[in-house]
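Input: a single structure, listed below in structure tokens.
There are 2 protein chains.
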Amino acid sequence: MAQIQTLSKNQKIILDIIEKANEPLKAYSILFNVQKKGIKAPLQVYRALEKLIKLGKIHKVESRNAFVACKNSNCDISKATAFSICETCEKVTEISDQKLSKYLKNFQDKTGMIYKKYNLEFYGLCTACKRS
Amino acid sequence: MAQIQTLSKNQKIILDIIEKANEPLKAYSILFNVQKKGIKAPLQVYRALEKLIKLGKIHKVESRNAFVACKNSNCDISKATAFSICETCEKVTEISDQKLSKYLKNFQDKTGMIYKKYNLEFYGLCTACKRS
DNA sequence: TTAAATATGTTATATTATAACAAACGTTAC
DNA sequence: GTAACGTTTGTTATAATATAACATATTTAA
Ligand SMILES: [Zn+2]
Ligand SMILES: [Zn+2]
Ligand SMILES: [Zn+2]
Ligand SMILES: [Zn+2]
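Taken in order, these protein sequences are the chains called L and G.
Under this note's numbering, think of the first position of the first sequence as 1, with each following residue one higher.
Under this note's numbering, think of the first position of the second sequence as 1001, with each following residue one higher.
As structure tokens, this is what we get:
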């Protein structure tokens, strides 16, 4: 609420659209939706997306090239994201699981590489699609 | 070794290139590299990639739109993949960690969604880049 | 051996994303 | 207030990634 004030005009417009959507939005679908508000070029969208990701307001669902509003508390400013994705209906849900995130944040490989961030995507069948 | 016989001509050519590379390859870089072997169109590459992924011979690194040969035993035919990615030098390594894969395969969310697959990407700083 | 499934070749096009440049806006510091 | 700085915007063009649609060929298996 406080931080939203620091967003620029385009950033607000685009965050608003993404927050109101109940599904991940693609960049060009966002572009189409904001053209009436004066945002005409892909770069205007991509620049806002980039900033919003950096702020942890939204995440990119990498395997879908789509963008969703963060449903957790900005996921440590975008450093730890996990999604469940239904391969049938394409419904995407952000996973909020303390144990999982703790496990992954603490994960260390053999090489000693330092991990600053992770993104995890589960693919499967949602409960609605399972029934039908 | 047995299964490689079942690959088609284009699939063999493209798997060969990917296996010999020590880095993830992009589709159009693969295309460029196989043009001397008669593969001229993007679709020929993408179709082979799709099949190789299905067979678990290669994986797609989603955040990089790039393809790497599987370094494990085909990762249960491509159902469970994890990578470490250096954000400085872009080095990508497939993670093989029994505990991690067991943990993720058994992961269940609150909704009861059935997970058939996952892809996990860690981003950070590799040991070489850490030193410099 | 013929039907089905898989793979190929080809052209065109769709989709996703960035480069390069110029101008405007919003801090903050003096 | 205004200079200096970083950030945001606007704009045109283009790069990079991926698929549609259609015709043909090859392989597999009943
Ligand atoms: Zn989040
Ligand atoms: Zn579903
Ligand atoms: Zn693998
Ligand atoms: Zn590195």
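Think of the CB as a built atom: it goes at the ideal place given N, C-alpha and C, for glycine as much as any other residue.
For Leu1052(G) and Pro1024(G), the gap between their C-alpha atoms comes out near 14 Å. Around Cys1126(G), the beta-carbon contacts reaching into chain L at under 8 Å are Thr111, Met113. In its chain, beyond the 5 residues on either side, Ala82 have a beta carbon closer than 7 Å to the beta carbon of Leu100(L). If you check the CB distance, Tyr123(L) and Tyr1046(G) do not come in under 8 Å. 8 Å or more divides the Cβ of Met113(L) from the Cβ of Leu1120(G). Remark: the C-beta of Lys71(L) is in contact range of ligand 1, defined as less than 7 Å to any heavy atom.
Only buried fits Phe67(L), as 16 or more other CB atoms lie within 10 angstroms of its CB.
In this structure, Ala1128(G) has its CB closer than 7 Å to one or more heavy atoms of ligand 4. In the structure shown, Glu121(L) adopts extended strand secondary structure according to DSSP, grouped into three states. For Lys99(L), the enclosing alpha helix (DSSP H) starts and ends at 98-105. Shown here for Cys89(L): same chain residues with a beta carbon closer than 6 Å to its own, the five before and five after excluded, namely Cys129 in chain order. In the three-state reduction of the DSSP assignment, Lys1079(G) falls in the coil class, being assigned neither a helical nor a strand state. In this structure, the CA atom of Leu31(L) is about 11 Å from the CA atom of Ile18(L). One Cα belongs to Tyr103(L), the other to Ile1077(G), and the distance between them is close to 25 Å. In this structure, the straight-line span from the alpha carbon of Ile1014(G) to that of Leu1043(G) is close to 12 Å. Spatial neighbours of Val34(L) in its own chain (CB-CB distance under 6 Å, excluding positions within 5 residues in sequence) are listed in chain order as Ile13. For the C-beta of Leu1049(G), not a single chain L residue is nearer than 9 Å; the gap to the nearest is close to 15 Å.
Beta-bridge partners assigned by DSSP to Cys1086(G): Gly1124(G).
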